[in-house]
Structure formats: structure tokens, C-alpha cells
Amino acid sequence: MAMEVMTVENFRWAQDLLDARDPLGALILIEPALDEERDNLSVLQLAARAYFHSAQFRPAEEMFRRIVELDPTDYFAHHALGRTLERAGRDAEAAPHLRLAAAMHPEPEYLAAAARHTPRTTPAEDAAE
């Protein structure tokens with residue numbers, strides 16, 4: 023099987039499809055290029071978002087984990103990885119990524135997501151009650 027590179031035209035078209043709430047259509051354009059573009063952060067993020075919005079949480083998680091591996095300072099990838107894990111019912115795994123994203127980029131959406139996974143009291147405070 024021949025490897026494909028993501029063309030600018032296909033990337034923009036996939037972005038438009040994703041913006042139009044057609045993540046599966048976007049994936050048709052993205053998936054053939056994923057092997058060749060495995061280190062391209064823009065392609066990985068577009069694929070991850072398309073997987074997330076089509077409720078394909080395992081591949082979304084893989085893509086967001088790859089982005090975080092390539093760029094640990096990408097607060098959006100940490101937030102999106104946390105949201106992906108959260109939607110997959112894996113709250114304990116989601117929490118550190120959501121808290122890190124909120125610390126790196128303290129916007130209301132990120133802070134609210136982190137707050138959902140932050141205990142209101144510490145174990146020592148619970149024991150004292």
C-alpha cells in the first residue's frame with residue numbers, strides 16, 4: 023500500500039467537514055495520510071478531533087497521546103485527552119490531563135473541566151471530620 027501525504031487542499035477540506043459537523047467525512051480524507059504524517063501535529067490534531075466528535079474514543083486517545091508526547095506543552099491536547107478519557111468513563115485517567123491543561127491555560131472551560139475532578143477536601147481533612 024502506498025503512503026499518502028496530506029495535501030493542503032485535503033487538510034482544509036477535512037477541516038471544513040469537521041467544522042460542518044461531519045467528522046466521518048473528515049476522517050475519509052485524513053486517515054489515508056496518518057501513517058506518513060505520524061509526527062505532523064496539525065494532522066494529528068485534526069484526526070484526533072474528528073475521532074472525538076465521532077465518538078471513536080480509542081483512536082482519539084491515541085492521537086491526543088501522540089500529540090502530548092511530541093509537544094508536552096500543548097495545553098489543548100492535554101485538555102482534549104482528558105475530555106476523551108472522561109467521555110470514555112475513565113475519570114481517574116482524565117483528571118491529571120484536565121488539571122494540567124487548566125494550570126497551563128486557565129480559561130473558564132479548562133478550569134471547569136479540572137474542577138469536576140478536583141476533590142473538595144484532602145484525605146486528611148476527610149479523616150479529621
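Per the numbering used here: the sequence shown = residues 23 to 151. By construction, the Cβ of each residue, glycine as well, lies at the ideal position given by its N, Cα and C atoms.
| Asked | Found |
| --- | --- |
| Separation of His139 from Ala62, as counted between CA atoms | The amino acid occupying residue 62 in the given sequence is Asn; Ala does not appear at that position. If you take the alpha carbons of Asn62 and His139, they lie about 31 Å apart. |
| Spatially closest choice to Arg112 from Phe79, Leu122, Pro94, Glu91, by CA coordinates | Phe79 |
| Residue nearest to Asp44 in terms of C-alpha spacing, selected from Glu108, Leu68, Arg105 | Leu68 |
| DSSP state of Thr95 mapped onto helix, strand, coil | coil |
| Proximity winner among Ser64, Asp57, Leu46, Arg60, relative to Phe74 (alpha-carbon distances) | Leu46 |
| Start-end ranges of the alpha helix (DSSP H) lying completely within the stretch 49 to 95, minimum 4 residues | 63 to 75, 79 to 92 |
| Neighbourhood of Leu92 by C-beta, 7 Å cutoff - its chain only, sequence neighbours within 5 removed | Asp61, Leu63 |
| Helix, strand or coil at Ala110 [DSSP, three-state] | coil |
| C-beta contact flag for Leu40 and Ala48 at 8 Å | yes |
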